[in-house]
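Visitor: Mind having a look at this structure? Questions to follow.
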Amino acid sequence: MTSLEIVEQSDNRIVVKLRGIPLQYANALRRICLSGIPTFAIDDVVIIENSSVLADEGVAHRLAMLPLRTDLSRFVEPSACDCHSELGCSRCRVLLMLDSGSSDTTRTVTSQDLSSEDEVVKPVNPNVPIVALAPGQKLKVEAYARLGRGSEHAKWNSATIAVLTEGSSPDEHVLTVETVGSLTASEVVKTAVEELEKRLGEFQQTIAALS
Ligand SMILES: [Zn+2]
């Protein structure tokens, strides 16, 4: 009998007992939880003004590494979008703006200063420092986020931890997943199960086409 039982669950962490699932499939599921499902990350940054000490590339990199809350029901990956546009459309990208303005004091621009055009897709944590500004320095950028997968770049990783341990019997494995926060832990596992099913289906079709 094959079964999947939730042993422990919070928003960011889930422990699932897998029964009757061969090790190679359990491991495939683990890998997909880590880097095989889509999440949002900033992928394109237009620097309008940057008089901070951090180079433009540094700013872009810091923005890219921010985990963004992801809603998979309303968005698709650019490769699967009908718009076929390099710029993207409202179904495949989200614009986030950052305008520090100018100030007389030293301060730190954080992820909270990013305003998103979407209600859901925004930084998971509002307190991530991006750059410190001296009096008179400014940072103004337009950042475009899109769905991608950790297998392409680590900024799209959906989980920080996905480990498989032995269960109490030989046909039992325990999968522990901790997310970066873009998706909840249960969303990660559920989406990973669907992704594994899709990949196995595609593999089966490829094999069938050969014979
Ligand atoms: Zn599109």
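Following our numbering, the numbering of the sequence shown begins with 25 at its first residue and continues without gaps. Note that the Cβ used here is the ideal one computed from N, Cα and C, for glycine as well.
#1: Per DSSP, which residues does Asp128 bridge with? Please list them.
#2: Going straight from the alpha carbon of Ile45 to that of Arg93, what length do you get?
#3: For the putative contact between Leu120 and Leu138, defined by C-beta atoms under 8 Å, what is the C-beta separation to the nearest angstrom?
#4: Consider the C-beta atom of Gly112 and the heavy atoms of ligand 1; say whether any pair is separated by less than 8 Å.
#5: Mark Lys179 as exposed unless 16 or more other C-beta atoms lie within 10 angstroms of its C-beta, in which case mark it buried.
#6: Quick one: Cα of Glu109 to Cα of Ala169, how far?
#7: On the CB-based measure, 16 or more other CB atoms within 10 Å of its CB, does Thr189 come out buried or exposed?
#8: Just list the residues that DSSP pairs Ile66 with in beta bridges.
#9: What are the start and end residues of each continuous beta strand (DSSP E) run of 3 or more residues lying completely inside the stretch 95-169, in chain order?
#10: Please go through the same chain and pick out, in chain order, the residues whose beta-carbon is closer than 6 Å to the beta-carbon of Asp80, but skip the five residues on each side of it.
#11: Below 7 Å CB to CB, which residues in the same chain sit around Arg173 once its five sequence neighbours on both sides are set aside?
#12: Is the separation between the beta-carbon of Gly205 and that of Asn149 shorter than 9 Å?
#13: Look at Leu87 and Ala186 and say whether their C-beta atoms are less than 9 Å apart.
#14: Let me confirm a value: Gln228 is counted as buried when at least 16 other C-beta atoms fall within 10 Å, else exposed. Which label applies?
#15: Are the CB atoms of Lys258 and Glu202 nearer to each other than 9 Å?
#16: Classify Val40 as helix, strand or coil using the three-state DSSP reduction.
#17: Grab me the residues of Ser193's own chain with a C-beta within less than 7 Å of its C-beta, minus the 5 sequence neighbours each way, in chain order.
#18: Out of Leu171, Val198, Gly82 and Arg54, point me to the one whose CA is closest to Glu32's CA.
#19: Please tell me whether, using a cut-off of 8 Å, the distance from the CB of Cys116 to the nearest non-hydrogen atom of ligand 1 is below it.
#20: Quick one: grab the DSSP three-state call for His177.
Guide: On the basis of the coordinates in this document:
#1: Translated into the one-based positions of the sequence shown, residue 128 becomes position 104. Answer by DSSP bridge pairing: none, since Asp128 is not bridged.
#2: Counting from one through the sequence shown, the residue named residue 45 turns up at place 21. Counting from one through the sequence shown, the residue named residue 93 turns up at place 69. Taking the straight line from one Cα to the other gives about 31 Å.
#3: Within the sequence shown, residue 120 is the residue found at index 96, counting from 1. Within the sequence shown, residue 138 is the residue found at index 114, counting from 1. The Cβ separation is near 5 Å, so the contact holds.
#4: As a first step, residue 112 must be located in the sequence shown, where it is residue number 88. Yes, ligand 1 has a heavy atom inside 8 Å of this Cβ.
#5: As a position in the sequence shown, residue 179 is number 155, starting the count at 1. The residue is buried, with at least 16 neighbouring Cβ atoms inside 10 Å.
#6: As a working mapping, residue 109 is identified with position 85 in the sequence shown. As a working mapping, residue 169 is identified with position 145 in the sequence shown. Per the sequence shown, the amino acid found at residue 109 is Ser instead of Glu. Using only the alpha carbons, I get a separation of about 14 Å.
#7: On the sequence shown, residue 189 is found 165 positions in, with the first residue counted as 1. It counts as exposed.
#8: Start at 1 with the first residue of the sequence shown, and residue 66 comes out as number 42. Answer is Ala169.
#9: 118-123, 131-134, 138-140 and 153-157
#10: The residue you call residue 80 lines up with position 56 of the sequence shown. Apart from sequence neighbours up to five positions away, the residues of its chain that approach Asp80 with a beta-carbon distance below 6 Å are Ile71 and Asn74, ordered along the chain.
#11: Mapped onto the sequence shown, residue 173 falls at position 149. Excluding residues within five positions, the ones whose Cβ falls inside 7 Å are Ser59, Gly60, Ile61, Pro62 and Trp180.
#12: Numbered from 1 along the sequence shown, position 181 holds the residue referred to as residue 205. Numbered from 1 along the sequence shown, position 125 holds the residue referred to as residue 149. Against a cut-off of 9 Å, the Cβ pair of Asn149 and Gly205 comes out as a contact.
#13: By one-based count along the sequence shown, residue 87 stands at place 63. By one-based count along the sequence shown, residue 186 stands at place 162. Their beta carbons are not under 9 Å apart, which means Leu87 does not touch Ala186 by this criterion.
#14: Along the sequence shown, one-based indexing puts residue 228 at 204. It is exposed - the Cβ of Gln228 has fewer than 16 other Cβ atoms within 10 Å.
#15: As shown, the chain starts at 25 and ends at 235. That puts residue 258 outside it, with no answer to give.
#16: Counting from one through the sequence shown, the residue named residue 40 turns up at place 16. Strand at Val40.
#17: For the purposes of this step, residue 193 is taken as residue 169 along the sequence shown, with counting starting at 1. So the list is empty, once near-sequence residues are dropped.
#18: As a first step, residue 32 is located in the sequence shown; it is residue number 8 there, counting from the start. Comparing Cα positions, the closest option is Val198.
#19: Mapped onto the sequence shown, residue 116 falls at position 92. Under cutoff, so the answer is yes.
#20: Position 153 of the sequence shown holds residue 177. If DSSP states are grouped into helix, strand and coil, His177 belongs with coil.
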